[in-house]
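Peer 1: Handing you this structure, nothing more for now.
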Amino acid sequence: MSGLPPCGLYRTRRALGTHVPAGRLVYFHNHGDPGPGLYLPSGWAANRARWHSRGTPLPDASWAEHLEPLPPEGLYRVLSPFPCCAKRCRTFEPDQLVQLGYTGEAEALLFIPEWTEQGLHLPTTGARVEREYLERLAPLKVARNESAPMGSDGLLH
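Numbering (this note's numbering), first residue to last: 4 to 160.
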């Protein structure tokens, strides 16, 4: 199949087949055996999705038209201030360190790392943020230990 989007995180705009509902977080893998496919989350670790080993193969390239791209999970720096939601429960400040994650329904969550006696701590509860504010984040480059699980940028490659 040609004209497929890159491997990465997506939100389904509509149901795709019988196994992939509308409005779900999926990992799209554009190559492999038996071919391009969609993978649903099997769980979360350190606020990052883990993926089922078996996906749903794309029967044709038209399925990819119904995938909305999402920024990768990971650590980011806030570029300009923004509220979490219309209720303005919290404001994210410039240069603040945040971790971006998602719910199974592809809703963006920001987790605020904290310094503790043991070092940098990643909380397990995040704040939902409107998708429009994700453009105010800049991804950070973080070294990956060999024992760390692969993220969405290295999954299945």
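Yeah, the Cβ is synthetic: ideal placement off N, Cα and C, and Gly gets one too.
1) Note the first and the last residue of the continuous beta strand (DSSP E) segment covering PRO44.
2) For ALA161 and LEU143, which I take to be in contact (beta-carbon distance under 8 Å), what is that distance rounded to the nearest angstrom?
3) Could you compute how far the alpha carbon of ALA64 sits from the alpha carbon of GLY122?
4) Sorted by chain position, which residues of the same chain lie with C-beta nearer than 7 Å to ALA49's C-beta, five sequence neighbours on each side aside?
5) In angstroms, rounded to a whole number, what distance separates the CA positions of ARG134 and ARG53?
6) Name the DSSP beta bridge partners of ALA141, please?
7) Mark GLU76 as exposed unless 16 or more other C-beta atoms lie within 10 angstroms of its C-beta, in which case mark it buried.
Peer 2: In brief:
1) It spans 44-48 - the beta strand (DSSP E) in which PRO44 sits, taken as one unbroken run.
2) Because the chain spans 4 through 160 in this model, residue 161 falls outside it and cannot be assessed.
3) Distance between the alpha carbons of ALA64 and GLY122: 46 Å.
4) So the qualifying residues of the chain are LEU125.
5) In a straight line, the C-alpha of ARG134 is about 21 Å away from that of ARG53.
6) According to DSSP, which records beta bridges pairwise, ALA141 is partnered with ARG80.
7) GLU76 is buried by the Cβ-count criterion.
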